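Start counting the sequence shown at 61; every next residue gets the next number (our numbering).
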Amino acid sequence: MDMHWNLDALYTGFDSPEFIGDCKKLDSKNDEYEKFTETLSKKCDISETLRKYVSLRSEITAFTEKLICFCNLLFCADTNNSRANFYIELISVRENRTNLADVRFIKWLASSGFDPKTLKGTDLEECIFHFEELISKGRHILDDQTEQIISDLKLTGSSAWTNLHNVLIGSLTGEVQTASGKSETKPISQIRALAYSENADVRKQAYDAELKACRKIEKSAAACINAIKGESITLAKMRGYASPLEMVLAKNRMEKSIIDTMFAAIREYLPCFRAYYKKKAKMLGLSGSLPFYDIFAPVTTKAQSNFTYEEAADFIVEKFSTFSRKLGDFARNAFDNNWIDAEIREGKVGGAFCENLFAISQSRILANFDGSYNDVTTIAHELGHAFHGQCLSGNVILNTEYPSPLAETASIFCETIINKAALKEADKETALAILEADISGAGQVIVDIYSRYLFETALFKARESAPLSPEELCEEMKKAQITSYGDGLDENILHPYLWLIKPHYYNAEWNFYNFPYAFGLLFAKGLYAKYTKIGSAFVGKYEFLLSETGKRSVTDVAKIVDVDLNDINFWKNSLEIIKEDITKFLDL
């Protein structure tokens with residue numbers, strides 16, 4: 061079975077007539093869109109103007125997506141591809157051309173007094189939510205000159221601070237000892253990877269080396285995070301938001317009451333996770349609570365099942381088919397038609413991702429498959445993203461962008477299908493490895509994410525008054541970790557520098573990039589719980605839910621499957637699934 065993807069459905073190459081032609085068409089459509097927005101006035105016929113907008117913006121989005129995705133996919137498969145890198149820059153410039161035109165259209169629509177609900181029953185009915193969202197955005201857009209100044213200043217403001225942080229982390233190194241006792245300099249990414257070592261001394265040494273390395277750049281990193289968060293506070297106020305969190309919630313189409321309810325449920329279940337960490341400490345031969353550097357320590361040395369790529373494909377298709385034939389057939393099609401680049405090779409980026417290609421109603425998945433069970437679940441996870449994209453493909457392309465909290469719904473759902481099936485077939489030690497990996501991941505998404513949310517909340521509150529010193533940032537991080545992990549971790553061996561290491565804090569466009577992870581996991585688990593109760597009758601509702609994620613609020617998407625996100629019992633039911641796994645783990 062071929063482990064390389066085929067991108068011919070996009071373009072056959074940079075010199076192909078189709079690629080060159082689409083670049084020219086994108087330029088032409090951008091010109092047309094700019095002229096269109098320059099002539100907008102109160103005298104315009106609303107319906108005709110909206111039709112023109114949908115047509116132009118859809119074409120621009122489709123051309124841009126095809127071009128930029130082709131370039132990005134080629135580059136990720138081979139980072140030595142200089143032409144791909146060149147065209148990424150070129151297409152990105154074209155993509156940015158729409159910014160000012162978008163602002164003009166949004167401001168015109170917001171000031172028109174038009175009610176999108178009047179489009180019900182017309183050919184534009186499917187765009188009602190899109191227009192409502194634009195009008196809502198319009199209330200927070202400033203005048204053209206100010207918006208342009210903000211955009212320009214960001215280049216030397218938050219964007220520059222983000223780049224500096226990337227450089228600091230990218231060049232950060234630490235000293236660790238080799239097996240022979242010699243000191244060796246390693247990049248911080250390699251040092252952090254040692255947290256998964258089977259050797260306890262290696263894990264401890266890597267932890268010490270990481271903290272020591274962080275101290276070398278703590279002042280520079282503190283300057284970065286203070287500048288980025290300070291800018292976010294200023295812009296939120298300028299745009300009329302009560303806080304950066306309110307701005308993030310608006311972008312994510314959800315209310316604060318939802319995350320308040322979710323975290324209230326999480327707090328009730330923290331003792332379950334703490335019991336897991338204590339059990340893990342005991343299994344590792346420790347008498348007290350788990351030290352931070354042992355969070356990812358393996359609890360069994362037994363190798364998990366080794367799969368060939370073909371066996372992995374058959375396993376995934378078989379298990380997906382137990383949920384629905386459509387999901388199984390979809391996965392088979394992805395494998396058979398080379399949607400997946402799974403080979404490990406030099407020059408290819410690490411990790412895994414899925415790129416939805418709405419312009420051609422397909423997806424492409426990058427993975428680095430080494431035959432482990434973990435890599436099987438990774439491909440299943442990414443196929444979930446691809447299936448989500450397939451369910452959305454019947455929509456106008458303007459309705460295919462879904463908020464971060466819903467981004468992991470299908471992926472985690474598919475991962476859950478695989479894990480539940482594998483556990484039924486596993487022997488005791490293999491089950492232990494599968495369970496521990498699953499619970500450990502949930503611990504990161506629930507317990508650690510809660511600590512990050514607490515930290516960022518405290519950070520913003522303090523930053524409104526003054527910048528924080530490295531010592532103050534470390535203290536706030538420790539407070540958050542103690543509140544979340546409790547006696548599950550040794551409070552004398554925490555990680556006070558996670559504010560420096562985690563890149564999520566250093567993007568002014570995505571503050572509080574933490575709660576969406578917890579939401580995604582628990583929402584998907586909650587849906588799986590409904591499936592186990594309802595059975596095959598749930599399948600159609602689930603697919604419809606995925607198809608609607610681009611044109612409804614998070615609250616209204618959940619209502620499709622009769623879920624009230626402000627009902628704490630929904631979140632508790634989701635957490636019960638994880639608790640059941642923890643109970644099994646404790647009994648093994």
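Positions of the beta carbon are idealized from the N, C-alpha and C atoms, including for glycine. Computed from a predicted structure; not experimentally measured.
Reduced DSSP secondary structure (H/G/I, E/B, other) of residue i
i	result
isoleucine 425	strand
threonine 460	coil
aspartate 401	strand
leucine 417	strand
glutamate 649	Absent from the structure is residue 649, since the part of the chain shown begins at 61 and ends at 648.
leucine 606	helix
proline 176	helix
leucine 346	coil
threonine 245	strand
leucine 560	helix
leucine 549	strand
threonine 490	helix
valine 236	strand
aspartate 647	helix
alanine 526	coil
alanine 568	coil
tyrosine 353	helix
serine 76	coil
glutamate 468	coil
isoleucine 201	coil
histidine 555	coil
phenylalanine 383	helix
proline 331	helix
Residue j beta carbon less than 7 angstroms from that of residue i
i	j	result
asparagine 633	alanine 578	no
alanine 440	isoleucine 638	no
phenylalanine 429	alanine 402	yes
threonine 360	leucine 492	yes
cysteine 689	leucine 330	A question about residue 689 goes unanswered here, because the residues of the chain that appear run from 61 up to 648.
leucine 184	leucine 110	yes
valine 308	phenylalanine 572	yes
glutamine 422	alanine 69	yes
isoleucine 288	alanine 526	no
phenylalanine 645	leucine 495	yes
leucine 417	cysteine 83	no
glycine 580	phenylalanine 630	no
phenylalanine 352	leucine 549	yes
valine 409	cysteine 136	yes
alanine 446	lysine 126	no
aspartate 624	glycine 407	no
serine 544	serine 511	yes
serine 231	isoleucine 457	no
threonine 438	alanine 427	yes
proline 358	glutamate 489	no
is_contact[residue i, chain D] using C-beta, thresh 7 angstroms
i	result
methionine 307	The question asks about chain D, but that chain is absent: this structure has only one protein chain.
Candidates the options, of which the one nearest residue i by Cα
i	options	result
isoleucine 319	Leu606, Thr643, Ala597, Leu582	Leu582
glutamate 108	Leu160, Glu78, Thr182, Gly73	Thr182
leucine 558	Phe575, Asp508, Ala584	Asp508
proline 465	Val617, Leu150, Asp203	Val617
alanine 296	Leu495, Ile210, Asn140, Lys167	Ile210
phenylalanine 189	Glu640, Tyr462, Leu514	Tyr462
alanine 273	Leu228, Ala310, Glu78	Leu228
threonine 97	Ala161, Leu635, Ala482	Ala161
tyrosine 147	Ser596, Asp75, Leu179	Asp75
lysine 311	Ala518, Trp570, Leu625	Trp570
glutamate 328	Gly345, Ile628, Tyr433	Ile628
phenylalanine 515	His564, Ala467, Ile553, Asn393	His564
glycine 388	Met63, Asp374, Ala497, Phe575	Asp374
lysine 539	Ser529, Leu554, Leu528, Phe604	Leu554
Inter-residue CB distance, residue i and residue j (contact presumed, cutoff 8 angstroms)
i	j	result
glutamate 155	threonine 206	Wrong, their Cβ atoms sit about 22 angstroms apart, outside the cutoff.
alanine 255	alanine 266	6 angstroms
phenylalanine 380	alanine 391	5 angstroms
leucine 202	methionine 298	7 angstroms
glutamate 278	isoleucine 251	Not quite, the Cβ-Cβ distance comes to about 16 angstroms (not below 8 angstroms), so this is no contact.
phenylalanine 395	methionine 61	7 angstroms
leucine 134	asparagine 141	5 angstroms
glycine 300	arginine 199	7 angstroms
glutamate 536	leucine 519	6 angstroms
heavy atom of the ligand MG below 6 angstroms from residue i C-beta
i	result
serine 453	With respect to small molecules bound, the structure shown includes none, and the ligand MG cannot be examined in it.
Sufficient close CB pairs (3 or more, under 8 angstroms) joining the stretch 608 to 618 to the stretch 314 to 332: Yes: the two stretches touch, three or more of their Cβ pairs being nearer than 8 angstroms.
Under 8 angstroms, with one C-beta from each stretch per pair, do the stretch 590 to 599 and the stretch 162 to 180 reach the 3-pair mark? In short, these stretches do not touch, since the Cβ pair count stays below three.
Check whether the stretch 229 to 245 and the stretch 512 to 528 touch, using three or more Cβ-Cβ pairs below 8 angstroms as the test. The stretch 229 to 245 is not in contact with the stretch 512 to 528.
Are the stretch 472 to 480 and the stretch 324 to 341 touching, with three or more C-beta to C-beta distances below 8 angstroms? Counting C-beta pairs closer than 8 angstroms gives fewer than three between the stretch 472 to 480 and the stretch 324 to 341, which falls short of the contact rule.
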